Structure formats: C-alpha cells, structure tokens
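Trainee: So the protein lines, in turn, are chains Y and W.
Those letters in the first sequence? Residues 679 to 862, per the numbering used here, in order.
Those letters in the second sequence? Residues 679 to 862, per the numbering used here, in order.
Protein chains: 2
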Amino acid sequence: MANQSRFNLPEAIAVLTRTPTVFDALLRGLPEIWVRRNEGEGSWSAFDIVGHLAFAERTDWMSRVRMTLENGEARVFEPLDRFAQLKASQDQRLEQLLDDFARLREENLAALDALHLQPEDLARRGRHPALGSVTLSELLSTWAVHDLTHLHQLSRVMAYQYRDAVGPWSAYLGVLKCTGHSSS
Amino acid sequence: MANQSRFNLPEAIAVLTRTPTVFDALLRGLPEIWVRRNEGEGSWSAFDIVGHLAFAERTDWMSRVRMTLENGEARVFEPLDRFAQLKASQDQRLEQLLDDFARLREENLAALDALHLQPEDLARRGRHPALGSVTLSELLSTWAVHDLTHLHQLSRVMAYQYRDAVGPWSAYLGVLKCTGHSSS
Chain Y
679 MANQSRFNLP EAIAVLTRTP TVFDALLRGL PEIWVRRNEG EGSWSAFDIV GHLAFAERTD
739 WMSRVRMTLE NGEARVFEPL DRFAQLKASQ DQRLEQLLDD FARLREENLA ALDALHLQPE
799 DLARRGRHPA LGSVTLSELL STWAVHDLTH LHQLSRVMAY QYRDAVGPWS AYLGVLKCTG
859 HSSS
Chain W
679 MANQSRFNLP EAIAVLTRTP TVFDALLRGL PEIWVRRNEG EGSWSAFDIV GHLAFAERTD
739 WMSRVRMTLE NGEARVFEPL DRFAQLKASQ DQRLEQLLDD FARLREENLA ALDALHLQPE
799 DLARRGRHPA LGSVTLSELL STWAVHDLTH LHQLSRVMAY QYRDAVGPWS AYLGVLKCTG
859 HSSS
C-alpha cells in the first residue's frame with residue numbers, strides 16, 4: 679500500500695491508547711535478565727524505559743499541548759528531562775511504573791479528548807526550546823512515535839541480552855545489528 | 679547491572695509466552711494505516727510480519743528442535759521460506775493471523791515442555807542449511823530473539839508512517855533513523 683505520512687488524530691490516539699498494554703503484556707512478571715539489564719554503561723534497561731515513559735506522561739505531553747493552545751509561540755516548552763526517571767523511579771518496582779504509565783496515559787487521553795480539538799487547532803504553533811516553532815499535529819505525532827521509538831529500544835535492549843546465546847544466527851537478526859541511532 | 683549473554687530455558691520461554699499477546703495488544707483493531715502500510719516496495723507491513731511469525735511457528739521452530747534431538751547433525755534443517763506468508767496470508771484478516779500465531783505458539787510451547795529438556799540436551803547439535811552446526815540452545819535463543827527482531831521491525835514500520843508528520847522532532851526519534859540492518 680502506498681505510504682503517506684499524514685497526521686490523523688483518531689489514528690494517533692489508537693496507538694497511544696494501546697502502548698501501556700503492550701509494555702505491560704511484555705514486561706510484567708518477566709525475569710530480571712530482561713527487565714534490569716541494559717546495553718552497557720550509561721544505557722537504559724527495560725525498567726528505565728518504562729520509568730521514562732511514565733515520567734514524560736506526567737510532565738511533558740499534555741503540558742505542551744495546553745501551552746500550545748494557551749500561549750502559542752509566546753512561551754517556550756519546558757525541556758524534557760530525559761534522565762529524570764533514573765532518579766525518580768530507582769526505588770520503585772516495575773509493576774508500579776507500569777501501573778503509573780497506564781493510569782497517567784488514560785488520564786492524559788481523557789484530557790486530550792476533553793479539548794475537542796478541531797482540524798484548525800492542529801496547525802497551531804508552540805515553541806520548542808531546541809527545535810523552535812512546531813505545530814500541534816507535530817507534537818501529537820511525536821507523542822505516538824515516541825512510544826514506538828521506546829518499543830524499538832526495548833526490543834533491542836532485550837535482544838542484546840542474548841547477543842551471544844544465538845550463536846551464528848546473529849547474522850540474520852537485524853535487531854542485534856541496531857546501534858540505536860541515538861539514545862533511543 | 680552487568681550484561682551477560684547466557685541462555686536459560688525458563689527465561690526464553692517467558693519471552694516466547696508473551697509475544698503473541700504483545701502483538702495482539704498493539705495491532706488488533708488498529709486503523710489500516712498502521713497495519714497495512716510498509717516502508718516502500720518489497721518491504722513488510724505489520725500484517726506481513728504477523729503472517730511471517732505465524733508461518734514460522736507452523737513450519738520452523740519445533741520442527742528444528744525435534745530434528746536436532748532425533749537426527750543431530752545428520753539431517754539438515756529445512757530452509758525457512760521468509761516470503762511464504764506473503765502468499766499464504768494474503769486473503770486472511772489480521773485478526774485471524776493473530777489468533778493463528780497465538781494458538782500455534784501455545785501448542786509449540788506445550789510440545790517443548792513435553793520434551794522435558796535436560797541441561798545436557800541444550801548442547802546437542804543440529805545442522806542449519808547455511809549456518810552449519812548449531813546447538814539446541816542457540817536455536818531456542820534464536821526463537822526468542824526472532825520475536826524481538828520482528829517487534830523491533832514492527833515499531834519501525836509503524837513509526838515510518840509518521841516520519842514526516844513529526845516535523846523537526848524526527849531528529850530526536852531514533853526509530854526513524856533505523857534502516858533495519860537487514861530485512862527485519
């Protein structure tokens with residue numbers, strides 16, 4: 679099917695609604711090797727990723743949506759602290775973080791729905807501290823793709839734990855060749 | 679936590695058990711844009727990926743486990759047809775493929791359990807048509823990482839649909855920079 683790259687609110691919400699369930703289905707009750715190990719010093723474990731998703735849900739997405747609608751480009755978004763969860767969640771259990779992420783996402787999607795966004799709202803602009811002028815549809819698209827980038831990272835971090843165990847099959851397993859392209 | 683890459687049967691089974699639920703949680707009921715679109719000509723959609731997982735579950739993994747235990751290196755595994763699902767599943771619905779994958783995986787894990795594999799069995803060797811001599815633990819590790827490589831691919835294929843919609847945020851989203859490293 680031909681590829682287009684066009685934002686559509688119900689389609690984005692369909693992803694955002696499912697992500698907490700996906701992470702929960704994969705991680706809850708999973709042995710520690712998959713949850714607590716990372717890709718080497720300074721990298722993130724599955725636990726860290728869920729902590730980051732819960733933290734961003736608490737501080738970032740809906741705050742930026744509201745700021746765009748209320749202040750436009752006059753007020754710059756707060757930068758997202760990409761490492762906050764490494765402190766904030768260190769004493770928590772994975773199950774608690776999964777519950778937090780699911781609850782916060784549900785609350786945020788209810789708040790988004792309550793805004794009754796109209797097509798013309800999607801073109802409204804806010805100001806990102808590094809990227810400059812951005813539209814509301816770019817922000818909402820990024821919210822969904824941010825889920826996917828961390829699912830991409832999670833599958834890679836987990837696969838890394840078996841990078842030697844697969845023996846010669848590593849040649850066929852693309853996930854073992856992924857360098858992450860960035861921290862996620 | 680320090681990284682090691684060592685196979686452990688219950689840990690591998692913990693992943694294998696969860697994967698069908700993960701794909702189901704993400705894909706069932708999702709709008710067509712996420713399910714049927716791919717990354718360009720010759721690449722796979724989410725639908726194709728689930729078809730491939732169901733096909734491999736039907737023809738590949740447990741057949742190779744049994745061949746290793748029964749024939750050792752004397753008999754070469756059948757090659758996996760990586761494109762079979764493009765024909766086999768083209769008239770099916772995604773929901774049917776998700777159901778097939780879940781049922782076949784459940785049956786395969788029950789059959790694996792019934793083998794009562796002992797630690798010494800894990801070192802037994804079979805023969806891969808291209809890779810040569812491989813151990814049972816490498817085969818079972820690959821089964822689990824194969825799930826993860828296709829979850830990695832799925833998140834990338836979905837993210838690709840919003841590669842332009844995210845605007846300047848594409849610079850921060852690692853999944854949009856992933857080239858796949860191979861067909862998966």
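All C-beta atoms in this analysis are idealised placements derived from N, C-alpha and C, irrespective of residue type, glycine included.
The structure displayed is predicted, hence computed values, not measured ones.
Along the chain, where does the beta strand (DSSP E) containing arginine 803 of chain W start, and where does it finish?
Mentor: Along the second sequence, read from residue 1 onward, the residue named residue 803 of chain W stands at position 125. Note, arginine 803 of chain W: beta strand (DSSP E), 803 to 806.
Trainee: Compare the Cα-Cα distances from aspartate 778 of chain Y to each of Y/Pro698, Y/Ala703, Y/Glu798 and Y/Asn749 and report the closest residue.
Mentor: If you number the first sequence from 1, residue 778 of chain Y lands on position 100. For aspartate 778 of chain Y, the nearest C-alpha among the options comes from Y/Pro698.
Trainee: Along the stretch 804 to 815 of chain Y, where does the CB come closer than 9 Å to a CB of chain W? Name the residues.
Mentor: Within the stretch 804 to 815 of chain Y, the residues whose Cβ lies closer than 9 Å to some Cβ of chain W are His806, Ala808, Leu809, Gly810, Ser811, Val812, Thr813 and Ser815, listed in chain order.
Trainee: Just how far apart, CA to CA, sit histidine 794 of chain Y and leucine 795 of chain W?
Mentor: Counted from its first residue, the first sequence places residue 794 of chain Y at position 116. Counted from its first residue, the second sequence places residue 795 of chain W at position 117. Rounded to whole angstroms, histidine 794 of chain Y to leucine 795 of chain W spans 57 Å at the Cα level.
Trainee: Measuring only the C-alpha atoms, how far is glycine 852 of chain Y from glutamate 748 of chain Y?
Mentor: Stepping through the first sequence from its first residue, residue 852 of chain Y is reached at position 174. Stepping through the first sequence from its first residue, residue 748 of chain Y is reached at position 70. Roughly 44 Å separates the two Cα atoms.
Trainee: For chain Y, find out if any of its Cβ atoms is closer than 8 Å to the Cβ of proline 797 of chain W; answer yes or no.
Mentor: For this step, residue 797 of chain W is matched to residue 119 along the second sequence. Chain Y, which has no Cβ nearer than 8 Å to the Cβ of proline 797 of chain W, makes this no.
Trainee: Looking at the unbroken beta strand (DSSP E) that takes in serine 811 of chain W, where does it start and where does it end?
Mentor: To locate residue 811 of chain W, count along the second sequence from 1; it is residue 133. Serine 811 of chain W -> beta strand (DSSP E) spans 810 to 813.
Trainee: When DSSP labels each residue in this structure, what does aspartate 844 of chain W get in the three-state scheme?
Mentor: The residue given as residue 844 of chain W occupies position 166 in the second sequence. Checking the sequence shown, residue 844 of chain W turns out to be valine, not aspartate. The answer is coil: DSSP assigns valine 844 of chain W none of H, G, I, E or B.
Trainee: Taking Cβ positions, are threonine 820 of chain Y and tryptophan 847 of chain W nearer each other than 8 Å?
Mentor: As a position in the first sequence, residue 820 of chain Y is number 142, starting the count at 1. As a position in the second sequence, residue 847 of chain W is number 169, starting the count at 1. Result yes, Cβ atoms of threonine 820 of chain Y and tryptophan 847 of chain W sit closer than 8 Å.
Trainee: Just by C-beta distance, which residues in the stretch 721 to 740 of chain Y are closer than 9 Å to chain W?
Mentor: Within the stretch 721 to 740 of chain Y, the residues whose Cβ lies closer than 9 Å to some Cβ of chain W are Ser723, listed in chain order.
Trainee: Tell me which residue opens and which closes the alpha helix (DSSP H) that histidine 794 of chain W is part of.
Mentor: What you label residue 794 of chain W is simply residue 116 of the second sequence in a count that begins at 1. Careful: histidine 794 of chain W lies outside any alpha helix (DSSP H) and carries neither H nor E.
Trainee: Does aspartate 769 of chain W pass the burial test, meaning 16 or more other C-beta atoms within 10 Å, or should it be called exposed?
Mentor: Here residue 769 of chain W refers to the residue found at position 91 when the second sequence is read from its first residue. Aspartate 769 of chain W comes out exposed.
Trainee: Give me the subset of the stretch 765 to 788 of chain W whose CB atoms are less than 8 Å from a CB atom of chain Y, sorted by chain position.
Mentor: Result list empty, no residue passes.
Trainee: Indicate whether the contact test is met: 3 or more Cβ pairs, each with one atom in the stretch 716 to 730 of chain W and one in the stretch 835 to 843 of chain W, closer than 8 Å.
Mentor: Short answer: they touch.
Trainee: Here's the rule I'm using: 16 or more other beta-carbon atoms within 10 Å means buried, otherwise exposed. How should serine 811 of chain Y be labelled?
Mentor: Residue numbering aside, residue 811 of chain Y sits at position 133 when the first sequence is read from its first letter. Counting Cβ neighbours within 10 Å, serine 811 of chain Y comes out exposed, since fewer than 16 surround it.
Trainee: What residues in its chain sit with their C-beta under 6 Å from that of leucine 818 of chain Y, if we drop five residues either side in the sequence?
Mentor: Along the first sequence, read from residue 1 onward, the residue named residue 818 of chain Y stands at position 140. Ala690.
Trainee: Report the option in Y/Val844, Y/His824 and Y/Ala822 whose CA atom is closest to the CA atom of threonine 827 of chain W.
Mentor: Start at 1 with the first residue of the second sequence, and residue 827 of chain W comes out as number 149. For threonine 827 of chain W, the nearest C-alpha among the options comes from Y/Val844.
Trainee: Against leucine 826 of chain W, what residues of chain Y qualify as contacts under a CB-to-CB distance less than 7 Å, listed in chain order?
Mentor: The residue you call residue 826 of chain W lines up with position 148 of the second sequence. Within chain Y, the residues near leucine 826 of chain W are Ser833, Met836, Ala837 and Val853.
Trainee: Check whether chain Y comes within 8 Å of proline 709 of chain W, counting only Cβ atoms and requiring the distance to be less than that.
Mentor: Taking the first residue of the second sequence as 1, we reach residue 709 of chain W at position 31. True, the Cβ-Cβ gap to chain Y drops below 8 Å.
Trainee: Measure the Cβ-Cβ separation of arginine 753 of chain Y and arginine 802 of chain Y and say whether it is below 8 Å.
Mentor: Within the first sequence, the letter at position 75 stands for residue 753 of chain Y. Within the first sequence, the letter at position 124 stands for residue 802 of chain Y. Their beta carbons are not under 8 Å apart, which means arginine 753 of chain Y does not touch arginine 802 of chain Y by this criterion.
Trainee: Take leucine 772 of chain Y as the anchor and find which of Y/Gly720, Y/Ala703, Y/Gly858 and Y/Leu790 has the nearest alpha-carbon.
Mentor: Taking the first residue of the first sequence as position 1, residue 772 of chain Y is located at position 94. Ranking Y/Gly720, Y/Ala703, Y/Gly858 and Y/Leu790 by Cα distance to leucine 772 of chain Y puts Y/Ala703 first.
Trainee: Does the Cβ of glycine 750 of chain Y have 16 or more other Cβ atoms within 10 Å, making it buried, or fewer, making it exposed?
Mentor: Working through the first sequence from its first residue, we reach residue 750 of chain Y at position 72. Looking at its Cβ environment, which holds fewer than 16 other Cβ atoms inside 10 Å, glycine 750 of chain Y is exposed.
Trainee: Sorted by chain position, which residues of the same chain lie with C-beta nearer than 8 Å to glutamine 839 of chain Y's C-beta, five sequence neighbours on each side aside?
Mentor: Translated into positions along the first sequence, residue 839 of chain Y becomes position 161. Ile711, Trp712 and Arg715, listed in sequence order.
Trainee: Beta-carbon separation of phenylalanine 733 of chain W and methionine 745 of chain W under 8 Å?
Mentor: Against the second sequence, residue 733 of chain W aligns to sequence position 55. Against the second sequence, residue 745 of chain W aligns to sequence position 67. Their beta carbons are not under 8 Å apart, which means phenylalanine 733 of chain W does not touch methionine 745 of chain W by this criterion.
Trainee: So arginine 783 of chain Y packs on glutamate 719 of chain Y, CB below 8 Å; how close in whole Å?
Mentor: As a first step, residue 783 of chain Y must be located in the first sequence, where it is residue number 105. As a first step, residue 719 of chain Y must be located in the first sequence, where it is residue number 41. Not really, about 30 Å apart at Cβ, beyond 8 Å.
Trainee: Glutamate 689 of chain W touches chain Y at which residues, Cβ-Cβ below 8 Å?
Mentor: Taking the first residue of the second sequence as position 1, residue 689 of chain W is located at position 11. Neighbours of glutamate 689 of chain W on chain Y, chain order: Pro709, Ile711 and Trp712.
Trainee: Which residues share a DSSP beta bridge with valine 754 of chain Y?
Mentor: Translated into the one-based positions of the first sequence, residue 754 of chain Y becomes position 76. Its beta-bridge partners are Y/Arg805.
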